[in-house]
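**Student:**
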Amino acid sequence: MNTDTSTPAPPRRFALLFRHPAAALIGAIIVLLALFAFWVPGGRFLTTENLLDLAQQISVNAIIAFGMTLVILIGGIDLSVGAVVALVGVVTVYFLPHGLAAGLGMGLLTAVAIGTANGALAARTRMPPFIITLAMMLVVRGAAFRFNEGRPLAAPAGAQAFFALGTERLGGWLPTPVVFMAAAFALTAVLLHRTRFGQHLYAIGGNREAARYTGIPLARNETGVYLLSACFAGLAGVIQASQLFSGEPSAGQGFELNAIAAVVVGGTSFTGGVGSIPGTLLGAIIIGILDKGLNQAGVHFSLQSIVKGLVILGAVFIDARRRR
Amino acid sequence: MAEVAPLLELRGIRKHFGGVAALGGVDFDLRGGEIHALLGENGAGKSTLIKILGGIHAPDAGEIHVGGERVAISDVADADRLGIRLIHQELSLAPNLSVAENIFLGREPVRFGLLDRRRLFANAEALRDELGLAEIGDVRARVGTLSVAQQQLVEIARALSVKARVLILDEPTASLSAGETVALFTKLRGLRAAGTGIIYISHRLEELAQLANRITVLRDGRSVGTQDAARLDLRELIRWMVGRELKDHYPRPPHRPREVALAVRDLRGPGVNGVSFELRYGEILGLAGLVGAGRTELARVLFGIERMSGGEALVDGRAFAPRSPSDALAAGVALVPEDRKRQGLVMTNTVGYNLALPWTREWLRGPLVNRARRGEIIASAIRGFAIKTAGPAQPVTALSGGNQQKIVVAKWMERPPKVLILDEPTRGVDVGARDEMFALLHGLIERGMAILLISSDLPEVMGLSHRLALYRGGRIVRQSASADISPEEVMAVLTASAADGVSETFPQK
Numbered sequence: 001m002n003t004d005t006s007t008p009a010p011p012r013r014f015a016l017l018f019r020h021p022a023a024a025l026i027g028a029i030i031v032l033l034a035l036f037a038f039w040v041p042g043g044r045f046l047t048t049e050n051l052l053d054l055a056q057q058i059s060v061n062a063i064i065a066f067g068m069t070l071v072i073l074i075g076g077i078d079l080s081v082g083a084v085v086a087l088v089g090v091v092t093v094y095f096l097p098h099g100l101a102a103g104l105g106m107g108l109l110t111a112v113a114i115g116t117a118n119g120a121l122a123a124r125t126r127m128p129p130f131i132i133t134l135a136m137m138l139v140v141r142g143a144a145f146r147f148n149e150g151r152p153l154a155a156p157a158g159a160q161a162f163f164a165l166g167t168e169r170l171g172g173w174l175p176t177p178v179v180f181m182a183a184a185f186a187l188t189a190v191l192l193h194r195t196r197f198g199q200h201l202y203a204i205g206g207n208r209e210a211a212r213y214t215g216i217p218l219a220r221n222e223t224g225v226y227l228l229s230a231c232f233a234g235l236a237g238v239i240q241a242s243q244l245f246s247g248e249p250s251a252g253q254g255f256e257l258n259a260i261a262a263v264v265v266g267g268t269s270f271t272g273g274v275g276s277i278p279g280t281l282l283g284a285i286i287i288g289i290l291d292k293g294l295n296q297a298g299v300h301f302s303l304q305s306i307v308k309g310l311v312i313l314g315a316v317f318i319d320a321r322r323r324r
Numbered sequence: 325m326a327e328v329a330p331l332l333e334l335r336g337i338r339k340h341f342g343g344v345a346a347l348g349g350v351d352f353d354l355r356g357g358e359i360h361a362l363l364g365e366n367g368a369g370k371s372t373l374i375k376i377l378g379g380i381h382a383p384d385a386g387e388i389h390v391g392g393e394r395v396a397i398s399d400v401a402d403a404d405r406l407g408i409r410l411i412h413q414e415l416s417l418a419p420n421l422s423v424a425e426n427i428f429l430g431r432e433p434v435r436f437g438l439l440d441r442r443r444l445f446a447n448a449e450a451l452r453d454e455l456g457l458a459e460i461g462d463v464r465a466r467v468g469t470l471s472v473a474q475q476q477l478v479e480i481a482r483a484l485s486v487k488a489r490v491l492i493l494d495e496p497t498a499s500l501s502a503g504e505t506v507a508l509f510t511k512l513r514g515l516r517a518a519g520t521g522i523i524y525i526s527h528r529l530e531e532l533a534q535l536a537n538r539i540t541v542l543r544d545g546r547s548v549g550t551q552d553a554a555r556l557d558l559r560e561l562i563r564w565m566v567g568r569e570l571k572d573h574y575p576r577p578p579h580r581p582r583e584v585a586l587a588v589r590d591l592r593g594p595g596v597n598g599v600s601f602e603l604r605y606g607e608i609l610g611l612a613g614l615v616g617a618g619r620t621e622l623a624r625v626l627f628g629i630e631r632m633s634g635g636e637a638l639v640d641g642r643a644f645a646p647r648s649p650s651d652a653l654a655a656g657v658a659l660v661p662e663d664r665k666r667q668g669l670v671m672t673n674t675v676g677y678n679l680a681l682p683w684t685r686e687w688l689r690g691p692l693v694n695r696a697r698r699g700e701i702i703a704s705a706i707r708g709f710a711i712k713t714a715g716p717a718q719p720v721t722a723l724s725g726g727n728q729q730k731i732v733v734a735k736w737m738e739r740p741p742k743v744l745i746l747d748e749p750t751r752g753v754d755v756g757a758r759d760e761m762f763a764l765l766h767g768l769i770e771r772g773m774a775i776l777l778i779s780s781d782l783p784e785v786m787g788l789s790h791r792l793a794l795y796r797g798g799r800i801v802r803q804s805a806s807a808d809i810s811p812e813e814v815m816a817v818l819t820a821s822a823a824d825g826v827s828e829t830f831p832q833k
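Structure below.
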């Protein structure tokens, strides 16, 4: 007897690699590149130097967005990442006089503390993550401003290694932030798509009760996700501080929204359970190209914001249509 | 047998939720190699009891012994370690994951710390074939794309994917077809022969006669007693459970057909492949079919959730082609959907909210709320359908399954529809509530409503319906007066292999 009512299986090879039909995103990237190649005067857009610069600018947002993908995947949200960028930057610079290791160590500790607090509160209380991380954003931002009465904290003049961290070009051409981004990509992609931890995140996002009934430790996984998110934000904070060569308490304003935009454009579902790291990378690339391209094409910043908003809306609209 | 230590023994298990005692001292024992049925009306404490065994709730008092040793089951992992596997009544699958991923959730094969997907899919396929659950289909398909019945099979496959000492099934057949039920029973008997202890919860008393060795009845959070299944007859069992006797298990309302309410000719749509029938006022037409036969799809087309793509439908002789549920309702066609909690009710809200929801036009004019009118609508529904509730402000989640189901029916009745489609109206409701549902149908038929009844419970659909339409592959393959056809004949038609060809004609009786 044949009662086959199931829909055709998803295309396997791609699904395993991307868990997301990435073709549309890649298509969008090609279209945008072609558009700006013509639009930006003097053919300055599609040069190696400009594209490397673009990659570097994408890096910070992408690193934050990888962590954000995990959070949104389990049905959460982390609004505190922008503030974490600032506080970790300030803390790292503050401790730099005691050596690079001291600075980075304290920065990492800060990120771990914030991430653990977010995660523990989200996992063990019934408070919504939106509210928890909104409050955390305010607390962390305030903490960043307390260090030097709200003024930027200059890095000690001798901290050359710290300066190199975010500005060096490996082999004379590859910007270090891009290397960090690649590492963060590899780490989160393997974690999400190739380990049981990742598998369980999909289960938690898809059906929390089912995950619980299966014996998946919800609190541990959830805490881990917020911890990772804060650590990636911290990494972004260190890169930023290195590039500015100072701890800037007002750094990272609105970074959380840019990261969320990359995640969502990359096809991660806001209700949880669906999404991928490669998708987020492509999403971050699209947002990055738009930012830089519109800027170089000489579009007024007010219009840039409008265009970006419409692109995000369009991307999510197309995604929602395809899913139906 | 008495000298053998039971595989599982519970003594004086108590559990309170807030001030409410869900379990007030349950004693229970399970031997290896037996199927022990657990019976009781909804709210009797069966679900709480098995959740304690599964490590989801912790008991407030009492002892649990497994294999003669006292154990504590404080989380799901403990239950796993003790070999206690639970199949939940509520589907507990992740819809965004594949069948295989769900089956092995929490136990994914890993190689060098990384997921081994090839082995995951291969294991799932092997398991599916070994268990004879071919209806599950592709193990790579996302669970969210499967029918409810297929999802149930995935749950079963998951529970059977590890060797269990104690297997607990909570209403496993609620959404299974007769054929799948038989296959499941065969599997359970095999497990029993291999020494597994099985706790089996079902509202379908007929099943227990075929399956159980012993039966324990729970009532109001206490075990009323345990007896050998062979010594009980069905009637006695029902009385035991509900404390009253049920007169007729399937009381068919009197058949007084009047003019045609709904006529459907060669109707086509997603999953509907040319359906023709007539349904008269004052009559119940039962759609009998196996799971996946496409009956729900027909209901969805008639209620305007999916668009018709061909053929025609007439309500009172007027063309009827709903493009949305509100079109269908305006034409007098209402649906009581298959999934009460997802499609039938707003579970986060109150009894009154749900009953008044379809009639906002009656009590809401712009910004003005006519509270009196709203209260009237709610009160008349609660009264008219004898819904057991503390009042309109009570959350629907606090009601029993049977009373929730009554709300799903009652909410349409402020202005009764001409045609009411009921999709699996007695799924997951207890014996008493089921009886009340039958009485409710009785009342609707006496008021002259036309009812299209979809049920996978063959005795039920045959017992209640005046006429039967046997449904297979998105079409009606035979129609008959219910009284003129035997259950064996129905099963033969429904399970006839698709290889026979869809255009075959069946000999009329």
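Chains as they are written, first to last, in my numbering: chain A, 1 to 324; chain B, 325 to 833. Glycine residues also receive a C-beta, built at the ideal position from the N, C-alpha and C atoms. None of the values given here were measured: they were computed from a predicted structure.
List, in chain order, every chain A residue whose beta-carbon is nearer than 9 Å to that of B:Asn-420.
**Tutor:** Tyr-202, Ala-203, Gly-205, Gly-206, Asn-207, Ser-269, Gly-272, Gly-273, Val-274
**Student:** Would you tell me roughly how many angstroms separate the C-alpha atoms of B:Tyr-851 and B:Ala-418, rounded to the nearest one?
**Tutor:** With chain B covering only 325 through 833, there is no way to say anything about residue 851 of chain B.
**Student:** Express the C-alpha separation of B:Pro-433 and A:Thr-195 in angstroms, rounding to a whole number.
**Tutor:** 10 Å
**Student:** Taking Cβ positions only, does B:Ala-361 come closer than 8 Å to chain A?
**Tutor:** no
**Student:** Give me the DSSP bridge partner(s) of B:Phe-352.
**Tutor:** Paired residues: B:Leu-334.
**Student:** Kindly list, in the order they appear in chain B, the residues whose Cβ is closer than 9 Å to that of A:Ile-74.
**Tutor:** Below the 9 Å Cβ cutoff, chain B contributes no neighbours of A:Ile-74, its closest Cβ being approximately 11 Å away.
**Student:** Taking C-beta to C-beta, are A:Leu-87 and A:Val-140 nearer than 8 Å?
**Tutor:** yes
**Student:** Can you list the residues of chain B that A:Thr-214 reaches, using a CB-CB cut of under 8 Å?
**Tutor:** Val-400, Ser-416, Leu-429, Gly-430
**Student:** Which of helix, strand or coil does DSSP assign to A:Val-60?
**Tutor:** helix
**Student:** Buried or exposed for A:Ser-59, going by 16 or more other Cβ atoms inside 10 Å?
**Tutor:** buried
**Student:** When you compare each of B:Ser-422, B:Lys-735, B:Arg-707 to B:Leu-669 by their alpha carbons, which one comes out closest?
**Tutor:** B:Lys-735
**Student:** Within this structure, are the beta carbons of B:Met-737 and B:Gly-699 separated by less than 8 Å?
**Tutor:** No. Outside cutoff.
**Student:** What residue from A:Ala-34, A:Ala-297, A:Ala-261, A:Pro-249 has the CA that sits closest to A:Ala-144's CA?
**Tutor:** A:Pro-249
**Student:** Can you tell me the Cα-Cα spacing of B:Asp-462 and A:Leu-46, whole angstroms?
**Tutor:** 45 Å
**Student:** To the nearest angstrom, how far is the alpha carbon of A:Ala-335 from that of A:Leu-187?
**Tutor:** An answer regarding residue 335 of chain A cannot be provided, because it is not within the stretch 1 to 324 covered by chain A.
**Student:** Could you tell me the boundaries of the beta strand (DSSP E) in which B:Ser-547 lies?
**Tutor:** 546 to 552
**Student:** Decide yes or no for the touch test of the stretch 246 to 262 of chain A against the stretch 284 to 296 of chain A: beta carbon pairs closer than 8 Å, at least 3 of them.
**Tutor:** yes
**Student:** Would you give the residue range spanned by the alpha helix (DSSP H) that B:Asn-426 belongs to?
**Tutor:** 423 to 427
**Student:** Can you pull the chain A residues whose beta carbon is under 8 Å from the beta carbon of B:Glu-495, in chain order?
**Tutor:** Within 8 Å Cβ-Cβ: nothing; B:Glu-495 doesn't reach chain A, min ~15 Å.
**Student:** If you follow the beta strand (DSSP E) that B:Val-490 is part of, which residue opens it and which one closes it?
**Tutor:** 490 to 494
**Student:** Is it true that the CB of A:Gly-215 sits closer than 8 Å to the CB of B:Asn-420?
**Tutor:** no
**Student:** Using a C-beta cutoff of 8 Å, does B:Gly-437 count as contacting chain A?
**Tutor:** yes
**Student:** Looking at B:Ile-745 and B:Gly-606, is the spacing between their C-beta atoms short of 8 Å?
**Tutor:** no
**Student:** Among A:Ala-101, A:Arg-124, A:Gly-107, A:Ala-102, which one has its Cα closest to the Cα of A:Ala-219?
**Tutor:** It is A:Arg-124 whose Cα lies nearest to the Cα of A:Ala-219.
**Student:** Does DSSP classify B:Ser-322 as helix, strand or coil?
**Tutor:** Absent from the model: residue 322 of chain B. The displayed extent of chain B is 325 to 833, so no value can be given.
**Student:** Please list, in chain order, the residues of the stretch 766 to 782 of chain B that have any C-beta partner in chain A closer than 8 Å.
**Tutor:** none
**Student:** Out of B:Gly-407, B:Leu-410, B:Ala-680, B:Gly-379, which one is the CA nearest neighbour of B:Ala-396?
**Tutor:** B:Gly-379
**Student:** From which residue to which residue does the alpha helix (DSSP H) around B:Asp-440 run?
**Tutor:** Per DSSP, B:Asp-440 belongs to no alpha helix (DSSP H) and is neither H nor E.
**Student:** What residue from B:Leu-334, B:Ile-492, B:Gly-595, B:Ser-398 has the CA that sits closest to B:Ile-408's CA?
**Tutor:** B:Ile-492
**Student:** Return yes when the Cβ of A:Tyr-94 is within less than 8 Å of the Cβ of A:Gly-247, no when it is not.
**Tutor:** yes
**Student:** With 8 Å as the threshold, decide whether the Cβ of B:Val-434 is near any Cβ in chain A.
**Tutor:** Yes, B:Val-434 lies at the interface with chain A (some Cβ there is under 8 Å from its Cβ).
**Student:** Quick one: complete beta strand (DSSP E) runs, 3+ long, within the stretch 449 to 473 of chain B?
**Tutor:** none
**Student:** Applying a beta-carbon distance threshold of less than 7 Å, which residues of chain B neighbour A:Arg-194?
**Tutor:** Leu-438, Leu-439, listed in chain order.
**Student:** Can you give me the start and stop residues for the beta strand (DSSP E) that B:Arg-543 sits inside?
**Tutor:** 538 to 543
**Student:** For a cutoff of 8 Å on Cβ pairs, would you count B:Ile-380 as touching chain A?
**Tutor:** yes
**Student:** What residues in its chain sit with their C-beta under 8 Å from that of B:Thr-674, if we drop five residues either side in the sequence?
**Tutor:** Pro-716, Ala-717, Gln-718, Pro-719, Val-720
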